[in-house]
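Heads up, the thing below is written out as structure tokens.
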Ligand SMILES: [Zn+2]
Ligand SMILES: [Zn+2]
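Numbering (the working numbering), first residue to last: 230 to 365.
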């Protein structure tokens with residue numbers, strides 16, 4: 230079962246089953262949250278659980294207008310997952326793939342889609358993926 234954690238190990242999670250989708254996002258919010266673009270896994274809420282610690286959360290309005298809640302470690306500040314009120318993200322959490330503990334799980338997080346390609350910097354390489362979405 231894939232497991233993930235923050236930098237200080239206070240907050241840990243795991244999930245079962247396969248992600249609903251795997252995507253890299255280049256939106257302006259992900260840029261700020263992740264120092265560039267973010268690799269994300271969409272996991273059904275029922276398959277995801279916090280196994281240690283209690284993340285703090287912060288809700289803001291995403292540039293697309295949806296409500297975005299970020300969940301992060303109160304001690305080290307690492308962002309672990311997000312929730313958004315857009316229809317396709319309901320009943321699911323958006324896990325930051327970079328917080329996975331094992332290299333083989335991160336390898337399996339290979340994206341199938343790229344979001345907000347219009348905001349991708351010219352020096353950031355594009356991926357060889359089928360799906361490109363702007364969500365505008
Ligand atoms: Zn931490
Ligand atoms: Zn994004």
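Note that CB positions come from ideal geometry on N, CA and C, so glycine has one too.
Remember, predicted model here, so these are calculated numbers, not experimental data.
Between which two residues does the beta strand (DSSP E) harbouring residue i extend?
{"i": "residue 285", "result": "285-290"}
Going by CA-CA distance only, name the one from the options that's closest to residue i.
{"i": "residue 265", "options": "355, 334, 305, 361", "result": "355"}
{"i": "residue 277", "options": "306, 249, 362", "result": "249"}
{"i": "residue 296", "options": "360, 271, 315", "result": "315"}
{"i": "residue 179", "options": "311, 284, 279", "result": "Summary: the structure shown does not reach residue 179, with the chain confined to residues 230 through 365, and so no result is reported for it."}
{"i": "residue 284", "options": "329, 235, 330", "result": "235"}
Please state if the CB of residue j and the CB of residue i are separated by a distance shorter than 7 angstroms.
{"i": "residue 237", "j": "residue 299", "result": "no"}
{"i": "residue 348", "j": "residue 254", "result": "no"}
Tell me the DSSP secondary structure of residue i in three-state form.
{"i": "residue 251", "result": "strand"}
{"i": "residue 339", "result": "coil"}
{"i": "residue 312", "result": "strand"}
{"i": "residue 275", "result": "helix"}
Quickly, what does DSSP pair residue i with across the bridge? List them, please.
{"i": "residue 329", "result": "233"}
{"i": "residue 257", "result": "DSSP lists no partner for residue 257."}
{"i": "residue 361", "result": "343"}
Any C-beta of chain C sitting closer than 7 angstroms to the C-beta of residue i?
{"i": "residue 261", "result": "Included in the structure is just one protein chain, with no chain C present."}
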